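Engineer: Mind looking over this structure? Questions follow.
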Amino acid sequence: MDDKPWWSYGHLWLVISGPVSVVLACLVTFYFIANSPNQIITGQDIEIENIKSNKLIDGSNAPATMARNHAATGVVPAPKTAPDAPK
């Protein structure tokens, strides 16, 4: 064996750098979480906001259960029209 100290081997630092970078990323993520918490948005909050703004939900913003049921049955729901639209 060589009489070189352990820290002089390059591949050792390559092996150590992986776990150290993961720990640093964890600390940075925890810092962001602790300093900028986000409000939890529920389905009820979204419904209230839609009622306030009087918007209809289009296909891209449909609830997941509606999209799942549509995909499972293959039935296309009737298009929604605005209440004051001419017929």
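Numbering (this note's numbering), first residue to last: 10 to 96. Positions of the beta carbon are idealized from the N, C-alpha and C atoms, including for glycine. Remember, it's a predicted structure, so these values are computed and weren't measured experimentally.
Would DSSP call residue 44 helix, strand or coil?
Structural biologist: Here residue 44 sits in helix by DSSP.
Engineer: Compare the beta carbon distance of residue 21 and residue 15 with 8 angstroms and say whether it is the shorter of the two.
Structural biologist: Yes. Within cutoff.
Engineer: How many angstroms separate the CA atom of residue 57 from the CA atom of residue 47?
Structural biologist: Cα-Cα distance, rounded: 19 angstroms.
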